Amino acid sequence: MTTSWDKDFSEELTRASTVDCPYCGVEVEFVVDPVGGSVQDYVEDCEVCCQPWSVRVRLDRDGQPSVEVATLDEG
Numbered sequence: 031m032t033t034s035w036d037k038d039f040s041e042e043l044t045r046a047s048t049v050d051c052p053y054c055g056v057e058v059e060f061v062v063d064p065v066g067g068s069v070q071d072y073v074e075d076c077e078v079c080c081q082p083w084s085v086r087v088r089l090d091r092d093g094q095p096s097v098e099v100a101t102l103d104e105g
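Taken in order, the sequence shown gives residues 31 to 105; the numbers are from the numbering used here.
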């Protein structure tokens with residue numbers, strides 16, 4: 031059973047962001063983990079073409095994400 035409180039809490043813990051894949055150009059949505067720190071660097075695969083991205087997420091003071099993606103050789 032999911033309550034409205036559970037829904038509000040889970041929305042606070044995850045934020046969706048959209049980016050264009052640097053390989054295939056398709057707009058892709060993925061979830062940003064706000065508890066991962068104010069600056070996060072990691073590799074994530076495109077869900078369309080499966081190429082690996084270099085991802086950098088920065089969270090502002092309000093927890094709003096700014097996301098940059100690049101090919102691995104660019105990042």
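All residues carry an ideal CB built from backbone N, CA and C; glycine is no exception.
Values in this document were obtained by computation on a predicted structure and should not be read as measured data.
**OP:** Compare the Cα-Cα distances from Arg45 to each of Leu102, Tyr72, Cys54 and Val87 and report the closest residue.
**Re:** Numbered from its first residue, the sequence shown carries residue 45 at position 15. If we check each option's Cα against that of Arg45, Val87 comes out closest.
Subject >> Outcome for Val69 when other beta-carbon atoms lying within 10 angstroms are tallied against a minimum of 16 >> reply: The residue labelled residue 69 in the question sits at position 39 within the sequence shown. By the 10 Å Cβ count, Val69 comes out exposed.
Original post:
First and last residue of the beta strand (DSSP E) that includes Tyr72?
Top reply: Within the sequence shown, residue 72 is the residue found at index 42, counting from 1. For Tyr72, the enclosing beta strand (DSSP E) stretches over residues Val69 to Asp75.
Subject >> Delimiting residues of the beta strand (DSSP E) encompassing Glu59 >> reply: The residue you call residue 59 lines up with position 29 of the sequence shown. DSSP places Glu59 in the uninterrupted beta strand (DSSP E) bounded by Glu57 to Val62.
**OP:** Check the C-beta distance from Ser84 over to Val62 and give it rounded, since I have them as a contact under 8 Å.
**Re:** Here residue 84 refers to the residue found at position 54 when the sequence shown is read from its first residue. Here residue 62 refers to the residue found at position 32 when the sequence shown is read from its first residue. Taking a contact as a CB-CB distance under 8 Å, the pair Ser84 and Val62 does not count as one, their CB atoms being some 15 Å apart.
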